[in-house]
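Trainee:
There are 2 protein chains.
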Amino acid sequence: MQEIYHHTYSNGLTLLAERVPHVRSAAFSFSVRCGCAYDPPDSLGLASVLSELLVRGAGERDSRALTSALDALGLDRSESAGVWLMSFGGATLARNLLPALTIYADILRRPHLPEPELEPVRQLALQDLQSIEDEPQAKVMVELRKRHYPSPIGRDYRGTEEGLASLTIPKIQGHYERHFQPQGLILAVAGDLEWNRLRDYVGALFGDWRPVPVPEPPIAPFRPQSGHLEKDLDQTQIGIAYASVPMSHPDFYAARGAVGILSEGMSSRLFTNVREKHGLCYAIGARYETMRDRGNIVCYTGGKPDKAQELLVRTLHELTDLQNGIEEEELQRVKAGLKAALIMRQESTSARAGALASDWYLLGRVRTMDEMQAAIDSLTPRHLIDHLRTCPPRDFTIVTLGPAPLSWST
Amino acid sequence: MQEIYHHTYSNGLTLLAERVPHVRSAAFSFSVRCGCAYDPPDSLGLASVLSELLVRGAGERDSRALTSALDALGLDRSESAGVWLMSFGGATLARNLLPALTIYADILRRPHLPEPELEPVRQLALQDLQSIEDEPQAKVMVELRKRHYPSPIGRDYRGTEEGLASLTIPKIQGHYERHFQPQGLILAVAGDLEWNRLRDYVGALFGDWRPVPVPEPPIAPFRPQSGHLEKDLDQTQIGIAYASVPMSHPDFYAARGAVGILSEGMSSRLFTNVREKHGLCYAIGARYETMRDRGNIVCYTGGKPDKAQELLVRTLHELTDLQNGIEEEELQRVKAGLKAALIMRQESTSARAGALASDWYLLGRVRTMDEMQAAIDSLTPRHLIDHLRTCPPRDFTIVTLGPAPLSWST
């Protein structure tokens, strides 16, 4: 039996925890509703710069002292800005969990956002932005999301050169004050922990933080648009996206299973039929992505320019052919892979903390292992095919990056 | 207390196992002495092609049936060719461990190496080789190793176009027969396991395999050579390598601690002094690499071409400045990070199986957690500085990839 706990404080902050017996580590993850979708349109890149500035001095500590204090706890940590959420995660020995959370209360509530750090942080963000020009695989996926999702959902956290150039400390400070507050904030913890003590401790750190309403950004009406980006490359990069259902939808496990048939394990269809049989690409894969209100399938592959046309056509064929038949045995293999992965993730405190936070954000509750295993076990080829006929792979957004455009019909 | 077991069968195969209590998974790793260093000079890329061909049919199963059988066990697996070792690793539910090992006995001992699969596999290997032309960070590190290590140690597993073109099934079969044998083969397993049963089971699968002597390749005399590769890129890529001690050396922990001061945690010197203070690069890091007979430090960074000269100079300064002084407090932080990482790795069965195999290969024994923790605890700034004075960072091999060469003096 899993020991999962949750408590929502009166200011709207939710604490989730899972006690994982027999481990000595603990991992945590803060999810703040301040992803790049909330960046003001003239300040794209703000969330990314803010996430880095927040750890450059907070509470009683300047930048150097703060970083040293976190390292002294043996903390393996990261900050990142996604589309909707800014995340602060860390993992260390269980005995260092509460001291680490104490420092994060400073980071989230009492950051210095120091003027002299802005320029170095801006330079880093510019480097990060420019470096994707040299990373074709990352580049094609960034462009795919921009062309597939409406604004601001399709944004890349890296922002734009103009957006980064426009940032000032007062602007960043104002954005911080509008978005950093406890309502909707999630703190998820997994590992060797004591629930009552943790709940009281987090209450003492964050309980007196006052909520403020945060407006949601409007989502612009949008028509996805395929496209080609010309670049002299040794490989043509291909990104494909199409709509699926979100995690909250009753068809979620069927959708997840269908992606598994395409891309889970080495006997999956994309791997076998496109990579192994024809050697058309080294890397190929399809992934299910979900937000609260929408789910999508995103595929990546890349191959030699003279074979790229065949690679695209064969890949699209596998996507659309799925609804024509799925064998019991191939679904059994997908189920075996999904269930083994579930159990292996359960053995990592970091993965577990991330899953608690993600479930709560997407569903407003935490799924147990038993629930997920039962849902996977109950899938049949019929469920997958019915789902694929209701929500067929079509209206593909296709973005290519390479020496020449490709053509397709769907 | 850790439960670590080992048994060397009469044919030279070593089985290592660690029972990890309270997990439901098990992970394994086979290490075969057939890395790319053993490739015949006119067949570079052979090990990589062989590792992929081995899983395309073995024992009673053709390629498709073999992949399906492994996927049906929920196995998350990978094959790879390193410099010295070819590795086959997998992780799944503990109850599927023995069935998985049974299939791997076929893969290692009774592969089909089927003629019709050669061409698709060769195409994949070519794609993999060509794709690094579009990945500047990978490219600069491949070139760095070629110029820093003597042949065949500096080889990249991807081989060459000519080498891949020359491969035939008889050539591959001959190489397989010369190198696949039990003497020196390591099988490491970690997770929920029963030692006696595992030892007997592995004995039944592999005990009657006959050893043959495998000649070690000669290592050519060599002088490392720095160099620049011209390419129109948005970032100049920089790789730096220099000699350290191998893991078997008494100074190993001091060398590892010194790299930690450079690159462990966000308060490490490269991160703080080059990245944060000056914003000269987005990514920077130094890593300790060890083989049986030699250790090296390998650094990577990359930045804007107009700042790349400053980036290189500041990075080199940090490397050479280390021996001028290390503070007790900064070493304490490195120790905290190394020890937390040790314990977190201990909680992953895959990481644990990999560590057992690596220790055995490099040292001929398995280090316990207590031993490693005690060695880290006992480090003082004096140990690190004494080591750095005996084995100073110098004679750097520097490889750059970008629009213009850089200059340096050391």
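Read top to bottom, the protein sequences are chains A and B.
For the first sequence, this note's numbering assigns the number 21 to the initial residue and increments by one for each residue that follows.
For the second sequence, this note's numbering assigns the number 21 to the initial residue and increments by one for each residue that follows.
From the three backbone atoms N, C-alpha and C, an ideal C-beta is built for every residue, glycine too.
Specify whether the segment 49-62 of chain B and the segment 94-106 of chain B touch according to this definition: at least 3 beta carbon pairs, one from each stretch, less than 8 Å apart.
Mentor: These segments touch.
Trainee: Mind pulling the chain A residues with CB within less than 8 Å of Ala150 of chain B?
Mentor: Here residue 150 of chain B corresponds to residue number 130 of the second sequence, with the count starting at 1. Rather than Ala, the amino acid found at residue 150 of chain B in this sequence is Gln. By Cβ distance, chain A contributes Asp254, Gln255 and Lys324.
Trainee: Applying the criterion that 16 or more other CB atoms from any shown protein chain within 10 Å of the CB defines a buried residue, is Glu347 of chain A buried or exposed?
Mentor: Taking the first residue of the first sequence as position 1, residue 347 of chain A is located at position 327. Label assigned to Glu347 of chain A: exposed.
Trainee: Does any C-beta atom of chain A lie closer than 8 Å to the C-beta of Met161 of chain B?
Mentor: Counting from 1 along the second sequence, the entry for residue 161 of chain B is found at position 141. No - not a single Cβ of chain A is within 8 Å of the one on Met161 of chain B.
Trainee: Can you confirm whether Ser63 of chain A, when its beta carbon is compared against all beta carbons of chain B, has any partner nearer than 8 Å?
Mentor: Here residue 63 of chain A is taken as the residue at index 43 of the first sequence, counted from 1. Not one chain B Cβ lies under 8 Å of Ser63 of chain A.
Trainee: Using only CA atoms, which one of B:Thr122, B:His269, B:Val40 and B:His337 lies nearest to Gly315 of chain B?
Mentor: To locate residue 315 of chain B, count along the second sequence from 1; it is residue 295. For Gly315 of chain B, the nearest C-alpha among the options comes from B:His269.
Trainee: Taking the CB atoms as reference points, tell me whether Glu137 of chain A and Leu73 of chain A lie closer together than 8 Å.
Mentor: Here residue 137 of chain A refers to the residue found at position 117 when the first sequence is read from its first residue. Here residue 73 of chain A refers to the residue found at position 53 when the first sequence is read from its first residue. Yes, the Cβ-Cβ distance between Glu137 of chain A and Leu73 of chain A is below 8 Å.
Trainee: How is the beta strand (DSSP E) around Val52 of chain A delimited, first residue to last?
Mentor: The residue you call residue 52 of chain A lines up with position 32 of the first sequence. Its beta strand (DSSP E) spans residues Ser45 to Val52.
Trainee: Going along the chain, which residues of its own chain have a beta-carbon closer than 6 Å to the beta-carbon of Lys191 of chain B, five neighbours each way excluded?
Mentor: Start at 1 with the first residue of the second sequence, and residue 191 of chain B comes out as number 171. Result list for Lys191 of chain B: empty, nothing under 6 Å.
Trainee: Exposed or buried, which one is Pro61 of chain A when buried takes at least 16 other CB atoms within 10 Å?
Mentor: The residue given as residue 61 of chain A occupies position 41 in the first sequence. Exposed, because fewer than 16 other Cβ atoms sit within 10 Å of the Cβ of Pro61 of chain A.
Trainee: For a cutoff of 8 Å on Cβ pairs, would you count Cys319 of chain A as touching chain B?
Mentor: Here residue 319 of chain A refers to the residue found at position 299 when the first sequence is read from its first residue. It does not: the Cβ of Cys319 of chain A has no partner Cβ on chain B nearer than 8 Å.
Trainee: Can you find a CB in chain B that lies within less than 8 Å of the CB of Asp341 of chain A?
Mentor: Reading the first sequence from its first residue, position 321 is the one you call residue 341 of chain A. Not closer than 8 Å to any Cβ of chain B, the Cβ of Asp341 of chain A fails to qualify, so no.
Trainee: Give me the subset of the segment 297-311 of chain A whose CB atoms are less than 7 Å from a CB atom of chain B, sorted by chain position.
Mentor: Answer set for the segment 297-311 of chain A: Lys297, His298, Gly299, Cys301 and Tyr302.
Trainee: From what residue to what residue does the beta strand (DSSP E) around Val294 of chain A run?
Mentor: The count along the first sequence starts at 1 and reaches residue 294 of chain A at position 274. From DSSP, Val294 of chain A is part of no beta strand (DSSP E); its letter is neither H nor E.
Trainee: Taking all protein chains shown into account, decide if Phe242 of chain B is buried (16 or more other Cβ within 10 angstroms of its Cβ) or exposed.
Mentor: Stepping through the second sequence from its first residue, residue 242 of chain B is reached at position 222. Phe242 of chain B should be labelled exposed.
Trainee: My guess is that Val69 of chain A and Arg142 of chain A are in contact by the Cβ rule of under 8 Å, so how many angstroms apart are they, rounded?
Mentor: In the first sequence, the residue the question calls residue 69 of chain A occupies position 49. In the first sequence, the residue the question calls residue 142 of chain A occupies position 122. Sure, about 6 Å apart at Cβ, within 8 Å.
Trainee: In whole angstroms, what separates the C-alpha of Thr292 of chain B from that of Glu330 of chain B?
Mentor: Here residue 292 of chain B refers to the residue found at position 272 of the second sequence. Here residue 330 of chain B refers to the residue found at position 310 of the second sequence. So the alpha carbons of these two residues sit roughly 15 Å apart.
Trainee: Thr28 of chain B: which of B:Tyr58, B:Ile152 and B:Trp380 sits nearest, CA to CA?
Mentor: As a working mapping, residue 28 of chain B is identified with position 8 in the second sequence. Closest option to Thr28 of chain B, Cα to Cα, is B:Trp380.
Trainee: Short check: CB of Gly305 of chain B to CB of Cys319 of chain B, under 8 Å?
Mentor: Here the question's residue 305 of chain B lines up with position 285 in the second sequence. Here the question's residue 319 of chain B lines up with position 299 in the second sequence. In this structure, Cys319 of chain B lies closer than 8 Å to Gly305 of chain B by Cβ.
Trainee: What would DSSP say about Thr388 of chain B, mapped onto helix, strand or coil?
Mentor: Position 368 of the second sequence, counting from 1, holds the residue named residue 388 of chain B. If DSSP states are grouped into helix, strand and coil, Thr388 of chain B belongs with coil.
Trainee: Enumerated in chain order, which unbroken segments of the alpha helix (DSSP H) with a length of 4 residues or greater are wholly contained in the segment 28-112 of chain A?
Mentor: DSSP runs (the alpha helix (DSSP H)) wholly in the segment 28-112 of chain A: 66-73 and 83-92.
Trainee: Using 8 Å for Cβ pairs, my map puts Gln343 of chain A next to Arg409 of chain A. What's the rounded Cβ distance?
Mentor: The residue given as residue 343 of chain A occupies position 323 in the first sequence. The residue given as residue 409 of chain A occupies position 389 in the first sequence. The Cβ separation is near 6 Å, so the contact holds.
Trainee: Leu113 of chain A touches chain B at which residues, Cβ-Cβ below 9 Å?
Mentor: The residue given as residue 113 of chain A occupies position 93 in the first sequence. Those within 9 Å of Leu113 of chain A in chain B are Ala356, Lys359, Ala360, Ile363 and Met364.
Trainee: What whole-angstrom Cβ distance do Phe226 of chain B and Pro202 of chain B have, given they're in contact under 8 Å?
Mentor: Position 206 of the second sequence, counting from 1, holds the residue named residue 226 of chain B. Position 182 of the second sequence, counting from 1, holds the residue named residue 202 of chain B. 6 Å between Cβ atoms; contact.
Trainee: Check the DSSP bridge columns for Arg208 of chain A and list the partner residues they point to.
Mentor: Numbered from 1 along the first sequence, position 188 holds the residue referred to as residue 208 of chain A. The question names Arg, but residue 208 of chain A in the sequence shown is Ala. Beta-bridge pairing links Ala208 of chain A to A:Leu36 and A:Ser49.
Trainee: Output, in chain order, the set of chain B residues within a Cβ distance shorter than 8 Å of Thr122 of chain A.
Mentor: Locating residue 122 of chain A in the first sequence gives position 102, where the first residue counts as 1. The contacting residues do not exist; Thr122 of chain A stays about 16 Å from chain B at best.
Trainee: So, for Lys324 of chain B: in the same chain, excluding its five sequence neighbours on each side, which residues have a beta-carbon less than 7 Å away from its beta-carbon?
Mentor: Position 304 of the second sequence holds residue 324 of chain B. Cβ within range, chain order: Gln255.
Trainee: Please name the residues in the segment 40-72 of chain A whose beta-carbon is closer than 7 Å to at least one beta-carbon of chain B, in chain order.
Mentor: Against chain B - using a Cβ distance shorter than 7 Å - the residues of the segment 40-72 of chain A are Pro41, His42, Val43, Arg44 and Ser45.
Trainee: Which same chain residues end up closer than 6 Å to Leu276 of chain B when comparing Cβ atoms and leaving out the 5 residues on each side of it in sequence?
Mentor: Taking the first residue of the second sequence as 1, we reach residue 276 of chain B at position 256. A small correction: the amino acid at residue 276 of chain B is Arg; Leu does not occupy that position in the sequence shown. Result list for Arg276 of chain B: Tyr308, in chain order.
Trainee: If I follow the unbroken alpha helix (DSSP H) through Asn216 of chain B, where does it start and stop?
Mentor: As a position in the second sequence, residue 216 of chain B is number 196, starting the count at 1. Run containing Asn216 of chain B: Trp215 to Phe226, per the alpha helix (DSSP H) assignment.
Trainee: From the DSSP secondary-structure annotation, give me the bridge partner or partners of Gly323 of chain B.
Mentor: Along the second sequence, one-based indexing puts residue 323 of chain B at 303. According to DSSP, which records beta bridges pairwise, Gly323 of chain B is partnered with B:Thr256.
Trainee: List the residues of chain B whose Cβ lies closer than 8 Å to the Cβ of Glu182 of chain A, in chain order.
Mentor: Along the first sequence, one-based indexing puts residue 182 of chain A at 162. Chain B residues near Glu182 of chain A: none, gap ~17 Å exceeds 8 Å.
Trainee: Skipping 5 residues on each side, what residues in its chain have a beta carbon closer than 6 Å to that of Asp271 of chain A?
Mentor: Numbered from its first residue, the first sequence carries residue 271 of chain A at position 251. Hits under 6 Å: Val265 and His407.
Trainee: For Thr417 of chain A, list the residues DSSP reports as bridge partners.
Mentor: As a working mapping, residue 417 of chain A is identified with position 397 in the first sequence. Thr417 of chain A pairs with A:Ala261.
Trainee: Excluding sequence positions up to five away, which residues of its chain have a Cβ less than 7 Å from the Cβ of Gly94 of chain B?
Mentor: On the second sequence, position 74 is the one that residue 94 of chain B refers to. Answer for Gly94 of chain B: Thr112, Leu113 and Asn116, listed in chain order.
Trainee: Are the segment 73-82 of chain B and the segment 386-396 of chain A touching, with three or more C-beta to C-beta distances below 8 Å?
Mentor: Because the criterion of three Cβ pairs below 8 Å is not met, the segment 73-82 of chain B and the segment 386-396 of chain A do not touch.
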